[in-house]
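Chains A and B, in that order, are what the protein sequence lines are.
In this text, residue positions in the first sequence follow my numbering: the first is 1, and each later residue adds one.
In this text, residue positions in the second sequence follow my numbering: the first is 1001, and each later residue adds one.
Positions of the beta carbon are idealized from the N, C-alpha and C atoms, including for glycine.
Note that the coordinates shown come from a computational prediction; the quantities given were computed from them, not determined experimentally.
2 protein chains.
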Amino acid sequence: MNSHNVAVVGATGAVGREMQKTLEERDFPYNKLKLIATERSAGKKFKIKGKEHVVEAIKPGIFEDIDIALFSIGSSPSKEIVPQAVKEGAVVIDNSNAFRMDDNVPLVVPEINPEEIKNNNGIIANPNCSTIQLVVVLKPLYEMAGIKRIVVNTYQAVSGTGKAAIDELDKQVRDYVNNKELKSEVYPHQIAFNILPHIDVFFDNGYTKEEMKMVRETRKILNDDKLAITATAVRVPVFYGHSEAVNIELEEDITTDELRKSLQETEGIKIVDEYPVTIMTENDDDVLVGRIRRDNSIENGFNLWVVANNLRKGAALNAVQIAEKLVK
Amino acid sequence: MNSHNVAVVGATGAVGREMQKTLEERDFPYNKLKLIATERSAGKKFKIKGKEHVVEAIKPGIFEDIDIALFSIGSSPSKEIVPQAVKEGAVVIDNSNAFRMDDNVPLVVPEINPEEIKNNNGIIANPNCSTIQLVVVLKPLYEMAGIKRIVVNTYQAVSGTGKAAIDELDKQVRDYVNNKELKSEVYPHQIAFNILPHIDVFFDNGYTKEEMKMVRETRKILNDDKLAITATAVRVPVFYGHSEAVNIELEEDITTDELRKSLQETEGIKIVDEYPVTIMTENDDDVLVGRIRRDNSIENGFNLWVVANNLRKGAALNAVQIAEKLVK
Chain A
1 MNSHNVAVVG ATGAVGREMQ KTLEERDFPY NKLKLIATER SAGKKFKIKG
51 KEHVVEAIKP GIFEDIDIAL FSIGSSPSKE IVPQAVKEGA VVIDNSNAFR
101 MDDNVPLVVP EINPEEIKNN NGIIANPNCS TIQLVVVLKP LYEMAGIKRI
151 VVNTYQAVSG TGKAAIDELD KQVRDYVNNK ELKSEVYPHQ IAFNILPHID
201 VFFDNGYTKE EMKMVRETRK ILNDDKLAIT ATAVRVPVFY GHSEAVNIEL
251 EEDITTDELR KSLQETEGIK IVDEYPVTIM TENDDDVLVG RIRRDNSIEN
301 GFNLWVVANN LRKGAALNAV QIAEKLVK
Chain B
1001 MNSHNVAVVG ATGAVGREMQ KTLEERDFPY NKLKLIATER SAGKKFKIKG
1051 KEHVVEAIKP GIFEDIDIAL FSIGSSPSKE IVPQAVKEGA VVIDNSNAFR
1101 MDDNVPLVVP EINPEEIKNN NGIIANPNCS TIQLVVVLKP LYEMAGIKRI
1151 VVNTYQAVSG TGKAAIDELD KQVRDYVNNK ELKSEVYPHQ IAFNILPHID
1201 VFFDNGYTKE EMKMVRETRK ILNDDKLAIT ATAVRVPVFY GHSEAVNIEL
1251 EEDITTDELR KSLQETEGIK IVDEYPVTIM TENDDDVLVG RIRRDNSIEN
1301 GFNLWVVANN LRKGAALNAV QIAEKLVK
């Protein structure tokens, strides 16, 4: 196939919009592009590569002429609709949590495990946003020196929750400026000028689903079931871009320069001196790394600061990069 | 002494104002209260315990009738003025970094090492804000089970920088709401809707002064020169309250319930279920702890979320608590 029929499912959401933009910016070689969403969003119009596209509602047969479908509609809807798309002949790249830990579904970051793509049975899973930027950095170090243990703490943007959360932070700062009472609907607490150590539901072990996604998905992508990793996932009053403080204990002794060089040479990573800040990711698709320094509290220890655009590399871009590998 | 003459030096700053409020709220038994500041702030008036106080400029002899002087004027001014106050007969409780690591100066958190107060030679140092809330939590665990290693990442409010930084965050969100360009003067980057992994100056080892304060002061307060600890200090767009993700590796095996109980029984700590958020510290002087859970990536590992008011327990309240012990 030289040209393909592509669908974006969940086209009107925060990630869906980024998928549209990413396909356009990277001049993805599609023949036809279908924008698909729920009944509620059907009829909305978007201009892509100079051509108007009208959003269509999901219905039987809608995927019959589709080769590749990029899904971003959340876990429960994906469980329902993805099998339909596969049955109707599309290969699905799904951004939800629905299939990520399924043994029959490859979980892919194209810089890391592109070879997994060919093992798909109709579904390829896009990892969680906070996992993607982490594994992009871990992979070269894992290969170079082995990883003994990781402690990661996140500083995650509200756009990871979706458009309603972006609106809630925006509304709360407007209400602050206008001396009005701040109201919370999306989050259980005020998010403006506040820090919430809570992303997604809590499990019995005291961890959130987001934290366990980072643990399990990292193990699956690095293909190491025993990898020692612990995470604290935290929501911060930032619109776009996730930041992560990553503490790594390596198996083998390498110098700080060797570590830096290895990251510098990795596709998709950019070292920022003296350090990257979150808003830099609004115009940069790379995973930005800084604050590289030895952790003397332990042998072979390092601290890193890792920042990426959660909607782009953390979601839409990674999905489109998978699609690009798929059509090659 | 049953009643004392007390001075607040730097009385018009963010911490100085909190010192005034804290002395009033806790009905500190002073005979006379002097508010002292630089020439520029002299003449400003504040009402405390119903009585008007006029800010006086620093000048020779101003401490001659003072028993206890609470200083919050920054490191360089403290180095200059504190010796004058001591010479004129005051005991100084200094909130700056000037004397903290001096072997002749006790570094005190009253819940932890009140016995050090009597070893003062005229100066008692108040620890760094991010250190205080950390050691309050570490101390009972250190005594109960020993501590092998700590990895701490902070989420620190702009009020830690001072009034100019509070104003800068406020101004930036107002400019955002009014569609104006956001300008940065206090911080090297925009702080609204952004995360800055940078607090205080950088050292050659790649760490910031704030991070090394947490390492060195924690070791001094716990009286353990070898304590393994690494820190990443991060500024977040929050006005008041520092949050910390604390990963602890204990020497001995204890249960999560034992750990929780030990913290629950510690003076100055409150366990918040299911978790504390930063703005809770605006009306709570305790160190708030939540997200207590076992870290299975290592033996005897735990993760905690620790939040406190950086201007109160992290500065003014701790200083006043030291003064209270001093007068007993």
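**Report entry** Neighbour-count burial assignment, GLU1249/B, 16 or more Cβ in a 10 Å radius
**Finding:** Your numbering for residue 1249/B matches position 249 in the second sequence. With 16 or more other Cβ atoms inside 10 Å of its own Cβ, GLU1249/B counts as buried.
Query raised in the report: Listing by chain order, which chain A residues have their CB less than 8 angstroms from the CB of ASN1194/B?
Result: Taking the first residue of the second sequence as position 1, residue 1194/B is located at position 194. In chain order: VAL238, VAL277, THR278, ILE279.
Query - Distance between ASN1095/B and LEU1035/B (C-alpha atoms, nearest Å) - result: Here residue 1035/B refers to the residue found at position 35 when the second sequence is read from its first residue. Here residue 1095/B refers to the residue found at position 95 when the second sequence is read from its first residue. So the alpha carbons of these two residues sit roughly 16 angstroms apart.
Query raised in the report: What span of residues does the alpha helix (DSSP H) with SER297/A cover, start to end?
Result: Taking the first residue of the first sequence as position 1, residue 297/A is located at position 297. Careful: SER297/A lies outside any alpha helix (DSSP H) and carries neither H nor E.
Query raised in the report: Taking 9 angstroms as the CB-CB limit, is ALA165/A close to chain B?
Result: In the first sequence, the residue the question calls residue 165/A occupies position 165. Closer than 9 angstroms: no.
Query raised in the report: Can you name, in chain order, every residue of its own chain whose Cβ lies under 7 angstroms from the Cβ of ARG100/A, other than the five neighbours on each side?
Result: Here residue 100/A is taken as the residue at index 100 of the first sequence, counted from 1. Excluding residues within five positions, the ones whose Cβ falls inside 7 angstroms are LEU107, ALA125, PRO127, GLU217.
Report task. Flag GLY1043/B as yes if its beta-carbon sits less than 9 angstroms from any beta-carbon of chain A, otherwise no. Result -> In the second sequence, the residue the question calls residue 1043/B occupies position 43. No, GLY1043/B lies away from the interface with chain A (no Cβ there is under 9 angstroms from its Cβ).
Query raised in the report: So with Cβ pairs under 9 angstroms, would you call ILE112/A a contact of chain B?
Result: The sequence position of residue 112/A within the first sequence is 112, counting from 1. Interface flag for ILE112/A against chain B is unset, since no Cβ pair is found closer than 9 angstroms.
Query raised in the report: Any heavy atom of the ligand FMN closer than 8 angstroms to the Cβ of VAL234/A?
Result: Ligands in the displayed structure: none, and consequently the ligand FMN is not present.
Report task. Round the Cβ separation of ALA1098/B and VAL1082/B to the nearest angstrom and send it over; I've been treating them as touching at under 8 angstroms. Result -> The residue given as residue 1098/B occupies position 98 in the second sequence. The residue given as residue 1082/B occupies position 82 in the second sequence. Indeed, because the Cβ distance is near 7 angstroms, the residues count as touching under 8 angstroms.
Query raised in the report: Do you know whose CA, among ILE292/A, VAL272/A, HIS198/A, lies nearest LEU259/A's CA?
Result: Numbered from 1 along the first sequence, position 259 holds the residue referred to as residue 259/A. When only C-alpha atoms are compared, the closest one is ILE292/A.
Requested in this report: Could you tell me which residues DSSP pairs with VAL6/A in its beta bridges?
Outcome: Working through the first sequence from its first residue, we reach residue 6/A at position 6. The partner list for VAL6/A (beta bridge, DSSP) reads LEU33/A, ILE68/A.
Report task. Taking 8 angstroms as the threshold, find out whether the stretch 229-248 of chain A comes into contact with the stretch 204-211 of chain A through three or more Cβ pairs. Result -> Yes, they touch.
Query raised in the report: Within 10 angstroms of its Cβ, does VAL1307/B collect 16 or more other Cβ (buried), or is it exposed?
Result: Along the second sequence, read from residue 1 onward, the residue named residue 1307/B stands at position 307. Buried, since its Cβ has 16 or more Cβ neighbours within 10 Å.
Query raised in the report: At a Cβ cut of 8 angstroms, what residues of the stretch 1277-1306 of chain B count as close to chain A, listed as they run along the chain?
Result: Cβ contacts with chain A: VAL1277, THR1278, ILE1279, GLY1290, ARG1291, ILE1292, ARG1293, ARG1294, ASP1295, ASN1296, SER1297, ILE1298, GLY1301, ASN1303, TRP1305.
Query raised in the report: If you run the structure through DSSP and keep just helix, strand and coil, what is GLY1314/B?
Result: Working through the second sequence from its first residue, we reach residue 1314/B at position 314. Residue state, collapsed to three classes: helix.
Query raised in the report: Going along the chain, which residues of its own chain have a beta-carbon closer than 7 angstroms to the beta-carbon of ASP257/A, five neighbours each way excluded?
Result: Taking the first sequence and counting its residues from 1, the one referred to as residue 257/A is at position 257. Counting only residues of its own chain and dropping the five nearest sequence neighbours on each side, ASP257/A has no CB closer than 7 angstroms to any other CB.
Query raised in the report: Any residues in the stretch 238-257 of chain A with a beta carbon nearer than 7 angstroms to a beta carbon of chain B? Which ones, in chain order?
Result: If the cut-off is 7 angstroms between Cβ atoms, the stretch 238-257 of chain A has VAL238, PHE239, SER243, ALA245, ASN247 near chain B.
Requested in this report: Within the same chain, show all residues whose beta-carbon is closer than 6 angstroms to that of SER1041/B, passing over the 5 residues directly before and after it, in chain order.
Outcome: In the second sequence, the residue the question calls residue 1041/B occupies position 41. Excluding five sequence positions before and after SER1041/B, the CB atoms of its chain that fall closer than 6 angstroms to its own CB belong to THR1012, VAL1055, given in chain order.
Query raised in the report: In chain B, what lies closer than 9 angstroms to GLN190/A by C-beta?
Result: Start at 1 with the first residue of the first sequence, and residue 190/A comes out as number 190. Ordered by position in chain B, the residues that pass the 9 angstroms Cβ test against GLN190/A are VAL1277, ILE1279.
**Report entry** Cutoff 7 angstroms; reference ASP295/A; Cβ partners in own chain excluding five residues on either side
**Finding:** Position 295 of the first sequence, counted from the start, is the residue given in the question as residue 295/A. These residues qualify, in order along the chain: ASN247, GLY301, PHE302, ASN303.
Query - One or two residues paired with LYS45/A in a DSSP bridge - result: Position 45 of the first sequence, counted from the start, is the residue given in the question as residue 45/A. Note: LYS45/A sits in a beta bridge opposite VAL54/A.
Report task. Determine, using beta carbons only, whether PHE63/A and GLU80/A come nearer to each other than 9 angstroms. Result -> Counting from 1 along the first sequence, the entry for residue 63/A is found at position 63. Counting from 1 along the first sequence, the entry for residue 80/A is found at position 80. Not a contact, by the Cβ cut-off of 9 angstroms.
Query - Neighbourhood of MET1/A by C-beta distance below 7 angstroms, restricted to the same chain and skipping five residues each side - result: Your numbering for residue 1/A matches position 1 in the first sequence. Because the pLDDT of MET1/A is 48, which lies under 50, any placement of that residue in the model is unreliable, and the number read from its coordinates should be weighed accordingly. Within the same chain, MET1/A has close Cβ partners ASP67, VAL327.
Report task. Can you tell me which of the three DSSP states GLY1301/B falls into? Result -> Counting from one through the second sequence, the residue named residue 1301/B turns up at place 301. Reduced to three states, the DSSP call for GLY1301/B is strand.
Report task. For the stretch 1017-1032 of chain B, enumerate the residues whose C-beta is nearer than 7 angstroms to any C-beta of chain A, in chain order. Result -> Taking 7 angstroms as the Cβ-Cβ cut-off, the stretch 1017-1032 of chain B has no residue approaching chain A.
Report task. Might you give, ordered along the chain, the residues of its own chain that have their beta carbon closer than 7 angstroms to the beta carbon of ILE1298/B, omitting 5 neighbours on each side? Result -> Against the second sequence, residue 1298/B aligns to sequence position 298. Within its own chain, the residues whose Cβ lies closer than 7 angstroms to the Cβ of ILE1298/B, once the five positions on either side in sequence are excluded, are GLU1249, listed in chain order.
**Report entry** THR1278/B, DSSP secondary structure in three states
**Finding:** Taking the second sequence and counting its residues from 1, one reaches residue 1278/B at position 278. If DSSP states are grouped into helix, strand and coil, THR1278/B belongs with the helices.
Query raised in the report: Tell me which same chain residues have a C-beta within less than 7 angstroms of the C-beta of GLY1010/B, skipping the five on either side of it?
Result: Working through the second sequence from its first residue, we reach residue 1010/B at position 10. Contacts found: GLY1016, ALA1037, PHE1071, SER1072, ILE1073.
Query raised in the report: ASP1170/B to ASN194/A, Cα distance in whole Å?
Result: As a working mapping, residue 1170/B is identified with position 170 in the second sequence. As a working mapping, residue 194/A is identified with position 194 in the first sequence. Rounded to the nearest angstrom, the two C-alpha atoms are 14 angstroms apart.
Query raised in the report: Mind checking GLY1241/B: buried by the 16 CB within 10 Å criterion, or exposed?
Result: Numbered from its first residue, the second sequence carries residue 1241/B at position 241. Residue environment: GLY1241/B is assigned as buried (16 or more neighbouring CB atoms within 10 Å of its CB, all protein chains considered).
Query raised in the report: Do you know offhand how far SER184/A's Cα is from VAL1287/B's?
Result: Residue numbering aside, residue 184/A sits at position 184 when the first sequence is read from its first letter. Residue numbering aside, residue 1287/B sits at position 287 when the second sequence is read from its first letter. Distance between the alpha carbons of SER184/A and VAL1287/B is about 25 angstroms.
Query raised in the report: From VAL1289/B, ASN1318/B, GLU1324/B, pick the residue whose C-alpha is nearest to that of VAL1137/B; which is it?
Result: Here residue 1137/B refers to the residue found at position 137 when the second sequence is read from its first residue. When each option's Cα is compared against that of VAL1137/B, the closest is VAL1289/B.
Query raised in the report: Taking 9 angstroms as the CB-CB limit, is THR1012/B close to chain A?
Result: As a first step, residue 1012/B must be located in the second sequence, where it is residue number 12. So, not an interface residue.
Query - Contained alpha helix (DSSP H) runs [length at least 4] in the stretch 1195-1224 of chain B, N- to C-terminal order - result: DSSP runs (the alpha helix (DSSP H)) wholly in the stretch 1195-1224 of chain B: 1209-1221.
Query raised in the report: Under a Cβ-count criterion, where at least 16 other Cβ atoms within 10 Å of its own Cβ denotes burial, should ASP1285/B be classed as buried or exposed?
Result: Counted from its first residue, the second sequence places residue 1285/B at position 285. Around the Cβ of ASP1285/B, a 10 Å sphere holds 16 or more other Cβ atoms; the residue is buried.
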